[in-house]
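Participant:
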């Protein structure tokens, strides 16, 4: 919370070194490397009743809002938008949770503001949820743009046991090591496994040109399917290869190629027309 105590306006930089932007339509938000544009500047508003809650207002006078709508059909993330609610409620309130030199911004219901990477349409999008794989995507650097010369009252002494009911309209400032603890061992050990390069089929069954990749250490088609669901945040996918003779997609059903051979696959969501052919 101390990142925001003296801040009148801030910029938020994601793990991808991109800034949280308010889109010009006054509704959507995204991320981009442009730090100097006005869209990257967010005014900090404090809740007079709670010391560990902030609201962020875009240059268009709209609140950063955790909506209940899903970003994509079949994906776990929910949309983050700009809005002007008739009544200020918990959808526009964010709890800063300190994580080293960075912060996580938590919603009233325990989701986190997340800057997405990967291939379109996830790339540069902003959602809120609890990530299963890319834990760093919920970490943000706070860059203070303008200092508030009359800061709000200080937070309570950290030695004081503050344990508020989450069913109330307040928050409890907590640390959740289960979300981020696994990252500290990243990169240790041998670089075993195979490279997986994947593309997505859209709802019409057309394969999108953008390609993602990751190191896969599993052994079975089921393992690969699970990893790809985590990578893409999609559910009930079908993992396919392309028939080199006719260019058609066919599902992977049996064993993976031996010797950790690099693979190129197509991810077909359950909502795609191509999935009906399997």
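Numbering (full-length UniProt numbering), first residue to last: 1 to 278. C-beta atoms are modelled at their ideal positions from N, C-alpha and C, and glycine is treated no differently. Remember, it's a predicted structure, so these values are computed and weren't measured experimentally.
Where does residue 128 land, buried or exposed, given buried means 16+ other C-beta within 10 angstroms?
Facilitator: So residue 128 counts as buried.
Participant: Starting from the C-beta of residue 211, find all residues in its chain whose C-beta is less than 8 Å away, skip the five residues before and the five after it, and write them out in chain order.
Facilitator: Counting only Cβ-Cβ distances below 8 Å, and skipping sequence neighbours, we find 119, 197, 198, 199.
Participant: Among the candidates 106, 263, 258, 268, whose CA atom is the shortest distance from the CA of residue 229?
Facilitator: Per the Cα distances, 268.
Participant: I want to see whether chain D comes within less than 7 Å of residue 102, judged by CB atoms only; does it?
Facilitator: Structure shown: chain D not included; a single protein chain is present.
Participant: Between the beta-carbon of residue 252 and the beta-carbon of residue 266, is there less than 7 Å?
Facilitator: Against a cut-off of 7 Å, the Cβ pair of residue 266 and residue 252 comes out as no contact.
Participant: Going by DSSP in three states, residue 181 sits in which element: helix, strand or coil?
Facilitator: Only weak support is given to the placement of residue 181: the predicted model assigns it a pLDDT of 42, under 50, and the question is left unresolved by the model.
Participant: Mapping DSSP to helix, strand and coil, what is residue 101?
Facilitator: Correct three-state label for residue 101: coil.
Participant: Could you give the C-beta distance for residue 35 and residue 29, rounded to a whole number, given that I count them as a contact under 8 Å?
Facilitator: No, residue 35 and residue 29 are not in contact; Cβ-Cβ is about 16 Å, not under 8 Å.
Participant: Quick check: residue 216 and residue 194, are their CB atoms within less than 7 Å of each other?
Facilitator: Yes.
Participant: Going by CA-CA distance only, name the one from 101, 89, 78 that's closest to residue 3.
Facilitator: Residue 101 is the option with its Cα nearest to residue 3.
Participant: For my contact list, residue 139 and residue 104 are in at a C-beta cut-off of 8 Å; report their separation, rounded to the angstrom.
Facilitator: So it is a contact: roughly 6 Å between Cβ atoms.
Participant: What does DSSP give as the partner residue(s) for residue 32 in the beta ladder?
Facilitator: According to DSSP, which records beta bridges pairwise, residue 32 is partnered with 19.
Participant: For residue 252, name the three-state secondary structure that DSSP assigns.
Facilitator: Note: residue 252 maps to coil in three-state DSSP.
Participant: Expressed to the nearest angstrom, what Euclidean distance is found between the alpha-carbon atoms of residue 205 and residue 274?
Facilitator: Rounded to the nearest angstrom, the two C-alpha atoms are 5 Å apart.
Participant: Give me the Cα-Cα distance between residue 148 and residue 126, rounded to the nearest whole angstrom.
Facilitator: C-alpha separation (whole angstroms): 27 Å.
Participant: List the whole-angstrom C-beta distance separating residue 55 from residue 9, where the pair is believed to meet the contact cut-off of C-beta under 8 Å.
Facilitator: Actually they do not touch by this definition, with Cβ atoms about 12 Å apart.
Participant: If distances are taken between C-alpha atoms only, which option among 142, 276, 258 comes closest to residue 201?
Facilitator: The shortest Cα separation from residue 201 among 142, 276, 258 belongs to 276.
Participant: Exposed or buried, what is residue 88 when buried is set at 16 or more other beta-carbons lying within 10 Å of its beta-carbon?
Facilitator: That one is exposed.
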